[in-house]
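Residue numbers (this note's numbering): 17 to 132. Glycine is no exception: its CB is placed at the ideal position from the N, C-alpha and C atoms. Structure record follows, encoded as structure tokens.
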């Protein structure tokens with residue numbers, strides 16, 4: 017089961033990385049001058065590959081016994097983690113203490129979602 021969970025987590029991490037790039041790459045200074053139609057087309061192209069990872073991750077996760085609510089909560093934690101790293105390293109945004117506290121509460125949600 018550990019290998020199956022690691023597979024699902026890996027697919028979710030990769031899909032979230034692609035979706036974060038698709039949604040936010042264009043807000044970096046310098047990219048804002050690009051025409052909106054071009055931004056949308058590039059983002060859709062990236063998102064296609066994201067779906068090729070996210071759909072199997074959720075399908076296999078459910079088939080391997082991870083409950084839908086558990087999958088969604090895992091997805092949200094991964095999304096926030098990937099976004100935080102993207103925002104700090106690519107967008108050069110500061111990371112504040114209140115963000116860390118907020119993430120802590122979300123991790124508590126994961127704990128309770130998987131608690132028997």
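First and last residue of the alpha helix (DSSP H) that includes residue i?
i	result
residue 20	18-40
residue 132	Premise fails: residue 132 is in no alpha helix (DSSP H) and is neither H nor E.
residue 54	52-79
residue 84	84-105
Using CA atoms only, rank isn't needed, just tell me which of the options is closest to residue i.
i	options	result
residue 104	41, 77, 70, 79	41
residue 25	44, 77, 37, 56	77
residue 73	132, 30, 47, 54	30
By the 10 Å Cβ neighbour count, where 16 or more other Cβ atoms means buried, how is residue i classified, buried or exposed?
i	result
residue 28	buried
residue 98	buried
residue 22	exposed
residue 36	buried
residue 79	exposed
residue 66	buried
What whole-angstrom Cβ distance do residue i and residue j have, given they're in contact under 8 Å?
i	j	result
residue 2	residue 69	The structure shown does not extend to residue 2, since the chain is modelled only from 17 to 132, so the question has no answer here.
residue 111	residue 100	7 Å
residue 96	residue 43	Not a contact, Cβ separation roughly 17 Å.
residue 62	residue 38	4 Å
residue 32	residue 82	Actually they do not touch by this definition, with Cβ atoms about 16 Å apart.
Indicate whether at least one CB of chain C lies closer than 9 Å to the CB of residue i.
i	result
residue 62	Among the protein chains of the structure shown there is no chain C, as only one such chain exists.
Next item on the list: Decide yes or no for the touch test of the segment 111-130 against the segment 88-97: beta carbon pairs closer than 8 Å, at least 3 of them.
Entry: yes
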